[in-house]
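Note sheet for the following structure.
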Amino acid sequence: MTKFPRKAAITVSAILAATAYAFAQMPPDGAMGMHGHMQQGGTMDQMHQQMMQRGGAGNHGMMHGAQAGPTSIPTSSGQDAFGAIQEIVQMLQADPKTDWSKVNIEMLRQHLIDMNEVTLHAIATQRDVNNGIEIKVTGEGRVLPAIKRMVPAHVTELREMGWNAKSDDLPDGVTLTVTASEAQPLIKLKALGFMGIMVQGSHHQLHHLMMAEGQFVH
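At position 71 of the sequence shown the residue is numbered 70 (numbering that gives the first Met the number 0), and the sequence of numbers has no breaks.
Right, here's the structure in full:
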């Protein structure tokens, strides 16, 4: 009975010595590798949990795209004219009364090009006149015909809204003159300037739809 514990103690001591020797002979990066592997394993577990919490929904969305929520994909078309045309087309397709023999999306596209040219590239030179402002809107190339189409047409809309506005043709553009009134004081006209006046009214959106339907030409 007294010999068994002594033999067991000797055996355990030998095992411990061998283990210590093996560990001592291991390259430094080996021990760190074992430790790193344990840490990496822990990190992987954490990453997996995060993926289940955050990315898991994305994986589920890829497998079941039809069930994805409304915010799971971008909503912007990426380009304003593209988005405007897309909206009109969707409206026409959703309306069973749409007469496709009259629809003209190209006309709308050309008008949007005009809007882009006038908004971004026209030169607007403003000066004060008797109780109002005068703006010379000029441009070259593709900008010039866009100015001559858009500005006089918008003046017509302004008049219908009660504005004191007129346009005069120039070789290189159009002169837009707006006289102040009680509703549109001079200080406001000066602050609005060319584009502030051009965006007045809510007729633009309706005109876009009518253009696409082939009912209106700007």
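Each residue gets a CB set at the ideal place from its N, CA and C atoms; glycine is no exception.
Where the beta strand (DSSP E) through residue i begins and ends
{"i": "Ala-164", "result": "163 to 169"}
{"i": "Phe-172", "result": "Per the sequence presented here, residue 172 reads as Gly, with Phe not at that position. It spans 172 to 178 - the beta strand (DSSP E) in which Gly-172 sits, taken as one unbroken run."}
Cut-off 7 angstroms between Cβ atoms - residues of its own chain near residue i, not counting five sequence neighbours on either side
{"i": "Lys-165", "result": "Val-154 and Thr-176"}
Same chain only: Cβ atoms within 6 angstroms of residue i, ignoring 5 sequence neighbours per side
{"i": "Leu-157", "result": "Ala-164"}
{"i": "Asn-103", "result": "Gly-213"}
Residues of its chain near residue i, where Cβ-Cβ distance is below 8 angstroms and the 5 sequence neighbours each way are ignored
{"i": "Gly-131", "result": "Asn-163, Thr-176, Val-177, Thr-178, Ala-179, Leu-185 and Leu-188"}
{"i": "Thr-97", "result": "Leu-91 and Glu-212"}
{"i": "Lys-101", "result": "Glu-212, Gly-213 and Gln-214"}
{"i": "Ile-87", "result": "Ile-104, Leu-107, His-207, Leu-208 and Ala-211"}
{"i": "Ser-76", "result": "Gly-82 and Gln-85"}
Status (buried if at least 16 other CB within 10 Å, exposed otherwise) for residue i
{"i": "Met-197", "result": "buried"}
{"i": "Val-136", "result": "buried"}
{"i": "Leu-119", "result": "exposed"}
{"i": "Gln-183", "result": "buried"}
Beta-carbon gap between residue i and residue j smaller than 8 angstroms
{"i": "Thr-124", "j": "Ile-112", "result": "no"}
{"i": "Gln-221", "j": "Met-160", "result": "Since the first residue of the chain shown is 0 and the last is 217, residue 221 is not available in this structure."}
{"i": "Pro-151", "j": "Val-173", "result": "yes"}
{"i": "Thr-167", "j": "Leu-143", "result": "The sequence given here has Asp at residue 167, not Thr. Result no, Cβ atoms of Asp-167 and Leu-143 do not sit closer than 8 angstroms."}
Segment limits, alpha helix (DSSP H) that includes residue i
{"i": "Gln-204", "result": "202 to 211"}
{"i": "Ala-182", "result": "Unbroken run through Ala-182: none, as it is neither H nor E."}
Problem set entry | alpha helix (DSSP H) runs wholly inside the stretch 62 to 146, at least 4 long, in chain order | Residue ranges of uninterrupted alpha helix (DSSP H) with 4 or more members, entirely inside the stretch 62 to 146 and ordered along the chain, are 79 to 93 and 104 to 120.
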